[in-house]
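Following: one structure in structure tokens, then a few remarks.
Number of protein chains: 4
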Amino acid sequence: MMPTTATPRHSEYRLRRRVHFYEADPAGIVHFSWFSRYLEEAEHALWREAGLSIAPLTSDIAFPRVAMTFDFRRPLRFEDEFEVHIRIAAIGRASMRYTCVVTHGGQEVATGSLTIACVQRGVDGTMHAVPIPDHIRSRFEVAAEASA
Amino acid sequence: MMPTTATPRHSEYRLRRRVHFYEADPAGIVHFSWFSRYLEEAEHALWREAGLSIAPLTSDIAFPRVAMTFDFRRPLRFEDEFEVHIRIAAIGRASMRYTCVVTHGGQEVATGSLTIACVQRGVDGTMHAVPIPDHIRSRFEVAAEASA
Amino acid sequence: MMPTTATPRHSEYRLRRRVHFYEADPAGIVHFSWFSRYLEEAEHALWREAGLSIAPLTSDIAFPRVAMTFDFRRPLRFEDEFEVHIRIAAIGRASMRYTCVVTHGGQEVATGSLTIACVQRGVDGTMHAVPIPDHIRSRFEVAAEASA
Amino acid sequence: MMPTTATPRHSEYRLRRRVHFYEADPAGIVHFSWFSRYLEEAEHALWREAGLSIAPLTSDIAFPRVAMTFDFRRPLRFEDEFEVHIRIAAIGRASMRYTCVVTHGGQEVATGSLTIACVQRGVDGTMHAVPIPDHIRSRFEVAAEASA
Numbered sequence: 062m063m064p065t066t067a068t069p070r071h072s073e074y075r076l077r078r079r080v081h082f083y084e085a086d087p088a089g090i091v092h093f094s095w096f097s098r099y100l101e102e103a104e105h106a107l108w109r110e111a112g113l114s115i116a117p118l119t120s121d122i123a124f125p126r127v128a129m130t131f132d133f134r135r136p137l138r139f140e141d142e143f144e145v146h147i148r149i150a151a152i153g154r155a156s157m158r159y160t161c162v163v164t165h166g167g168q169e170v171a172t173g174s175l176t177i178a179c180v181q182r183g184v185d186g187t188m189h190a191v192p193i194p195d196h197i198r199s200r201f202e203v204a205a206e207a208s209a
Numbered sequence: 062m063m064p065t066t067a068t069p070r071h072s073e074y075r076l077r078r079r080v081h082f083y084e085a086d087p088a089g090i091v092h093f094s095w096f097s098r099y100l101e102e103a104e105h106a107l108w109r110e111a112g113l114s115i116a117p118l119t120s121d122i123a124f125p126r127v128a129m130t131f132d133f134r135r136p137l138r139f140e141d142e143f144e145v146h147i148r149i150a151a152i153g154r155a156s157m158r159y160t161c162v163v164t165h166g167g168q169e170v171a172t173g174s175l176t177i178a179c180v181q182r183g184v185d186g187t188m189h190a191v192p193i194p195d196h197i198r199s200r201f202e203v204a205a206e207a208s209a
Numbered sequence: 062m063m064p065t066t067a068t069p070r071h072s073e074y075r076l077r078r079r080v081h082f083y084e085a086d087p088a089g090i091v092h093f094s095w096f097s098r099y100l101e102e103a104e105h106a107l108w109r110e111a112g113l114s115i116a117p118l119t120s121d122i123a124f125p126r127v128a129m130t131f132d133f134r135r136p137l138r139f140e141d142e143f144e145v146h147i148r149i150a151a152i153g154r155a156s157m158r159y160t161c162v163v164t165h166g167g168q169e170v171a172t173g174s175l176t177i178a179c180v181q182r183g184v185d186g187t188m189h190a191v192p193i194p195d196h197i198r199s200r201f202e203v204a205a206e207a208s209a
Numbered sequence: 062m063m064p065t066t067a068t069p070r071h072s073e074y075r076l077r078r079r080v081h082f083y084e085a086d087p088a089g090i091v092h093f094s095w096f097s098r099y100l101e102e103a104e105h106a107l108w109r110e111a112g113l114s115i116a117p118l119t120s121d122i123a124f125p126r127v128a129m130t131f132d133f134r135r136p137l138r139f140e141d142e143f144e145v146h147i148r149i150a151a152i153g154r155a156s157m158r159y160t161c162v163v164t165h166g167g168q169e170v171a172t173g174s175l176t177i178a179c180v181q182r183g184v185d186g187t188m189h190a191v192p193i194p195d196h197i198r199s200r201f202e203v204a205a206e207a208s209a
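Residue numbers (our numbering), protein chains in the order written: chain A, 62 to 209; chain B, 62 to 209; chain C, 62 to 209; chain D, 62 to 209.
Quick look at the structure:
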């Protein structure tokens, strides 16, 4: 059977979001811990756009985070509207890597990266690395211009 | 067999805590959403003092929160040391109710209450009310002076 | 000059939102502390719809939270889409009270209330109650069917 | 007057902490966003041990975060007791860099790094880089064995 082009692969997502009051700190700017959450929100939206949930209720496959980096250039404040542009930078046998750029009013606020692993969870809570299942891998591809 | 006094029952706990930077908001004061977390931290410390975990890894018994109230009188700020005094106000067949007083420097910051239910979780995630197991109920008692 | 009807008053808002992964706890359900944040998100959206920010960058008027209640009936889970329907239940000289209903798939998840005060902040961080400024009060009215 | 050695310089801190319920996610493990908060808690404790607050109420000097990295090796779960060992890896004219190791039961859970800048805030909220004030710089020194 020939491969078809009926199912497009997904490689990036642009999440638009407004800063909530509780995300900003006494300095009046978004606390840096929120950027990892913004990145993950964009990741999960990318998966949903690909027809997937990253954490279905009954799955024993999970995607723990194994590495993260962030550089912060400008602050975000309460009610600022910003964009998180996530791109798939690499797809390995049992891992994936994303990069992201956070912008506000056309200016770069932060850049980041996130590496996730694919694991199978035992009933005792242990996790061991497994290949990314085909029905997941087949929905994604590396973005053309993902920065390292 | 006679009941013994060998195992004291627990009815209250005083948690001492310092405000973290990320808990304060752009107004410079602890965001009100944190008080429900402070109350829960005190609850879990009370359970630990009674020799219990409220959420053991392998248990199908859980204690979801069913009601909460808070009144806020004074603000807390970054690095303030405060106390959360939790007391058991009522123990029902399948529920418990706590009250708490949050103080800082001898002054009342907030008062609150929390009601939890005892449920059994099915493999499909459903929950139905069950009596509090005896090995848990027997470790607690209502505090003498718990305010309503 | 006659009063005009050009500026409608606002009394309620319906916020639609999806549960983020980091909002759910080891029991697989949204941690109860998030409901106070959902309520506040809806409040701030109501103010924006009324052409206002509840915390402008340069204002010495602030609206600290003075009381909150919540009753929880059903759980929310990762990726659930839910609605927070906030209504103004009372407007006093120096305070306002909201009620809210959180629903998911047509079913009631939680109900809550929130009372806020209007204060003026001194340069030393102190706060004292002041009447709600007219340019704010004039944008809001009590909702017709707000439950107590 | 001769300089004295009466005031020791500080270069590291070991924070001991227990995982709160609300820090763990539906996978039953601490959500990765919390590690940046754990690191910051250790940083602020290091500053307090050095007799300083990183964010005094009335200061126009602030220390925004400009870069962060984390590698995650093992999960933390509810009620786990863990340690965050933070060390000063570099002190520049207007910036500092920390590294940290998070351990649990003698095993490495995560490693991370954090770079902060020293800025002066204008009344309009703008920030520009300034040298770290001497009364702060003089309290700290680079740790002997800080890993890069």
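Yeah, the Cβ is synthetic: ideal placement off N, Cα and C, and Gly gets one too.
| Query | Result |
| --- | --- |
| Shorter than 8 angstroms from the beta carbon of D/Ala123 to some beta carbon of chain C? | no |
| For the region 80 to 87 of chain B against the region 178 to 188 of chain A, are there 3 or more C-beta pairs whose distance is under 8 angstroms? | no |
| Could you tell me which uninterrupted alpha helix (DSSP H) segments, each at least 4 residues in length, are contained entirely in the region 78 to 117 of chain C, listed from first to last along the chain? | 94 to 110 |
| On a CA-only basis, which of D/Ile197, D/Glu206, D/Ser156, D/Ala204 is nearest D/Ser114? Give me that one, please. | D/Ile197 |
| Once DSSP output is grouped into helix, strand and coil, what is the label at A/Arg158? | strand |
| In whole angstroms, what is the alpha-carbon distance linking D/Arg75 and D/Ile147? | 6 angstroms |
| Nearest by alpha-carbon distance to D/Met129: which of D/Leu118, D/Pro136, D/Met157 is it? | D/Met157 |
| Checking the sheet assignment: what are the DSSP bridge partners for A/Ile122? | A/Gln181 |
| Consult DSSP for A/Ile149 and reduce its assignment to one of helix, strand or coil. | strand |
| Would A/Pro69 be called buried (16 or more neighbouring beta carbons within 10 Å of its own) or exposed? | exposed |
| With respect to the beta strand (DSSP E) encompassing C/His196, which residues constitute its N-terminal and C-terminal limits? | Run containing C/His196: none in the beta strand (DSSP E); it sits in the alpha helix (DSSP H), 195 to 198. |
| Since I believe B/His165 is in contact with B/Asp132 (beta carbons under 8 angstroms), could you give me their beta-carbon distance rounded to a whole number of angstroms? | The Cβ separation is near 15 angstroms, so there is no contact. |
| Does D/Leu137 have its Cβ less than 8 angstroms from a Cβ in chain C? | no |
| Check whether the region 88 to 98 of chain B and the region 91 to 104 of chain C touch, using three or more Cβ-Cβ pairs below 8 angstroms as the test. | yes |
| In chain B, which residues lie less than 7 angstroms from D/Ala116 when you measure between Cβ atoms? | Phe82, Phe139 |
| Give the DSSP-derived three-state secondary structure of C/Ala171 in the structure shown. | strand |
| May I ask you to report which of helix, strand or coil DSSP gives D/Asp132? | strand |
| Just the Cα atoms here: how many angstroms apart are B/Arg77 and B/Val162? | 12 angstroms |
| With DSSP collapsed to three states, give me the class of C/Arg70. | coil |
| Interface residues of chain C around A/Glu101 at Cβ under 8 angstroms? | His81, Phe82, Tyr83 |
| How far does the beta strand (DSSP E) with A/Ala205 in it extend, from its first residue to its last? | That residue, A/Ala205, is in no beta strand (DSSP E); it is neither H nor E in DSSP. |
| Name the one or two DSSP bridge partners that D/Glu142 has. | D/Arg79 |
| Kindly list the residues whose CB is nearer than 7 angstroms to the CB of C/Ile90, restricted to its own chain and excluding five residues on each side of it in sequence; keep chain order. | Pro136, Leu137, Arg138 |
| Of all Cβ atoms in chain B, is any one closer than 8 angstroms to the Cβ of A/Asp132? | no |
| Helix, strand or coil for C/Val191, going by three-state DSSP, please let me know. | coil |
| Can you tell me whether B/Leu137 is helix, strand or coil according to DSSP? | coil |
| Please identify the residue among D/Val80, D/Ser174, D/Thr187, D/Ala190 whose C-alpha is closest to the C-alpha of D/Glu229. | Any property of residue 229 of chain D remains undetermined from this structure, which presents chain D solely from 62 to 209. |
| What are the residues in the region 86 to 101 of chain D lying within 7 angstroms of chain C by C-beta distance? | Asp86, Pro87, Gly89, His92, Ser94 |
| Any beta-carbon of chain C closer than 8 angstroms to the one on D/Asp183? | Looking at the sequence itself, residue 183 of chain D is Gly, so the reference to Asp does not match. No, because no Cβ of chain C sits closer than 8 angstroms to the Cβ of D/Gly183. |
| Check the Cβ of A/His71 against every Cβ in chain C and list those closer than 9 angstroms, keeping chain order. | Here the premise fails: no neighbours, minimum Cβ distance about 17 angstroms. |
| Less than 8 angstroms separating the beta-carbons of B/Glu73 and B/Ala204? | yes |
| Give the straight-line distance between the Cα atoms of B/Ala209 and B/Gly153, rounded to the nearest whole angstrom. | In this predicted model, B/Ala209 has a pLDDT of only 49, less than 50, meaning its place in the structure is not dependable; the value taken from the coordinates is given anyway. Between B/Ala209 and B/Gly153, the C-alpha separation is close to 15 angstroms. |
| Less than 8 angstroms separating the beta-carbons of C/Val127 and C/Tyr99? | no |
| Whole angstroms is fine: what's the gap from D/Arg200's alpha carbon to D/Asp121's? | 19 angstroms |
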